[in-house]
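Inspection log for the structure reproduced underneath, given as structure tokens.
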Amino acid sequence: MQSLLALFVSSIFFSLVNAQATPIVSPAISNTTLATIIGSAPPSTARPSLIASNIPLSNLSSSVATPSGVAAPNGRPIITYMALGDSFSAGNGAGKLVSPDQPACDRTDGSYVYHLLNDPEVFCRNDPFYPPSFYGEFEFNACSGAVTTGIQSLQMQTAVAPYNHFIAGADLYTMTAGGNDMGFDKIVKACVYSIVIPFAGTCTKLLNAIDDYLAPGSTFQNNLASLYDNLQTQAGPGATVVILPYITFYNDQVSRGPGCWVSQSTRQRMNQQVTNVNAALRAAADARAFQFLDETDLQNAFNGHRFCGSGTKWIQDNIFESLNPTAQAQLNANGTLSPADQNAIANGTSNFWNTGIFHPTAEGHTAYYQLTKALLNPAANVVSDTKATS
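See the structure below:
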């Protein structure tokens, strides 16, 4: 009996020793068991991080270590994702504010960023076998109102409140940048809403100023180059960096009509300047071998969904978010705001002005997401509306 007991104990010990020499994870282990092995997920305030798990992928069996996310154009799986940029990346007005959102950044769950994040064919955070705390890292630093210098000095730092941690050496970076440097908000107010914002400035002067911003050797060109160079350095040679262009806002092939009060010449000029900005962004991206979302595909996706177009708008057009009852009554009575409110709106300090105006709707961000996914995975199916012409 003692001999049998000794043999049994020896067998158990031999099994335990062998178990330490084999991978701790196998495809047969359930999610619950895996969570027990590697530890419970950290509190929701902690960043989901592969690095934080301290378990290298080499410790996993090959069948498990292969993520469900697609390989980026460089063949590298997307496990870490860093979202940078301005309101076009933050998703201003396209959905519910993400929690926790930083003050005034207006990051929403309708942004193309969140679509990419929650697509298991893009980002392997949603791999059904891994708990999120184990394998993926994502940071959303895009912020409404950001300019090129602000993205570099605030969003690309290790920790600068109220921004999140910057991920150096991530697998994927996405970014929109440059629109605010051009005075985008002021142009919209001056060229489109000057009737209700009489102190908004001169449309022609603001549009012409873009030519100076885009001139070789300009402050903007230098700031853009500095931003891209810094991102290229911190991203490293194995990362995929995707720069996304801006949409043109108008069907500029029709004359004025109901719901289309901006002159055709102004619409054409606004669209052309957007195209010129995109060309500058693409040139800078190409010089650094960044990926640039094809502008023709993007503009085609918005065909029929612009202002003065024939279809459902994919661009927000609600001028004011909300007015207090007194201001609303005044506006309803005589169609004007008080001088103080007019100045506040023109200066961008009013709570009345809808900062999501002239930004993509949820449907517009879906188009951005689908095209970005197709860039990362050419085999992906992309849904777009190309029947209309403008």
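In mature numbering (1 follows the signal peptide of the UniProt record, and there is no 0), the protein residues as written are -19 to -1, 1 to 371.
Using N, Cα and C, we set each Cβ at its ideal position, and we do this for glycine too.
Whole-angstrom C-beta distance between Ala149 and Leu65, which should lie under 8 Å = 12 Å between Cβ atoms; not a contact.
query = Run through DSSP, which three-state label would Ala268 get?
reply = DSSP places Ala268 in coil when its eight states are reduced to three.
inquiry  = Just verifying my parser: in three-state terms, what is the DSSP assignment at Tyr209?
reply    = For Tyr209, the three-state secondary structure derived from DSSP is helix.
query = So which of Tyr62, Met63, Arg57 and Ala75 has the shortest CA-CA distance to Thr347?
reply = The option with the nearest alpha carbon to Thr347 is Ala75.
request  = Please state whether DSSP places Met63 in a helix, a strand or coil.
outcome  = In this structure, Met63 counts as strand in the three-state DSSP scheme.
request  = Please list, in chain order, all residues of the same chain as Gln215 whose beta carbon is under 6 Å from its beta carbon, the five residues on each side excluded.
outcome  = The residues Ala149, in chain order, have a CB closer than 6 Å to that of Gln215 in the same chain once the five nearest residues on each side in sequence are set aside.
Beta-carbon separation (whole angstroms), Asn259 vs Pro226, contact threshold 8 Å = Right, their Cβ atoms sit about 4 Å apart.
ask   = Where DSSP assigns a beta bridge to residue 384, which residues make up the other side?
value = Outside the shown range of the chain, which is -19 to 371, sits residue 384, and nothing can be said about it.
task = For the stretch 147 to 175, list the beta strand (DSSP E) runs that are entirely contained and at least 3 residues long, ordered along the chain.
result = Runs of the beta strand (DSSP E) lying entirely within the stretch 147 to 175 and spanning at least 3 residues, in chain order: 153 to 157.
inquiry  = What would DSSP say about Tyr350, mapped onto helix, strand or coil?
reply    = If DSSP states are grouped into helix, strand and coil, Tyr350 belongs with the helices.
query = Is it buried or exposed for Asn313, if we count other Cβ within 10 angstroms and need 16 for buried?
reply = With a pLDDT of 44 at Asn313, under the threshold of 50, the modelled position of this residue cannot be trusted, and the question is left open.
key: Continuous alpha helix (DSSP H) stretch holding Thr221: start and end   = For Thr221, no alpha helix (DSSP H) run applies; the uninterrupted beta strand (DSSP E) run containing it begins and ends at Thr221 to Ile224, by DSSP.
request  = Report the option in Cys86, Val223 and Arg248 whose CA atom is closest to the CA atom of Val235.
outcome  = Comparing Cα-Cα distances from Val235 to each of Cys86, Val223 and Arg248, the minimum goes to Arg248.
ask   = Does DSSP classify Asn191 as helix, strand or coil?
value = The amino acid at residue 191 is misidentified as Asn; the sequence shows Ile. Residue state, collapsed to three classes: helix.
query = How would you label Gly160, buried or exposed, when you count the other beta carbons within 10 angstroms and need 16 or more for buried?
reply = Gly160 should be labelled buried.
query = What residues match up with Leu78 in a beta bridge as DSSP calls it?
reply = Answer is Thr89, bridged to Leu78.
inquiry  = What does the alpha-carbon distance come out to for the pair Ile59 and Cys184?
reply    = Computed Cα separation, rounded: 43 Å.
request  = Assign Asn358 to one of three DSSP states: helix, strand, or coil.
outcome  = Here Asn358 carries a coil assignment [DSSP, helix/strand/coil].
key: Contact under 9 Å by Cβ, Gly91 with Thr342   = Gly91 is a Cβ neighbour of Thr342, given a cutoff of 9 Å.
query = Among Val173, Thr155 and Ile191, which one has its Cα closest to the Cα of Met163?
reply = Ranked by how close their Cα comes to the Cα of Met163, the residues Val173, Thr155 and Ile191 have Ile191 in first place.
inquiry  = Using C-beta distances below 6 Å, list every residue in its chain close to Glu120, excluding the 5 sequence neighbours before and after it, in chain order.
reply    = Closer than 6 Å at the Cβ level, and outside the excluded window around Glu120, lie Met63, Asn145, His146 and Ile148.
ask   = Roughly how many angstroms lie between the CA atoms of Met156 and Leu205, to the nearest whole one?
value = Each residue's alpha carbon lies about 12 Å from the other.
query = Quick one: Cα of Thr353 to Cα of Leu274, how far?
reply = Straight through space, the alpha carbons of Leu274 and Thr353 are spaced by roughly 7 Å.
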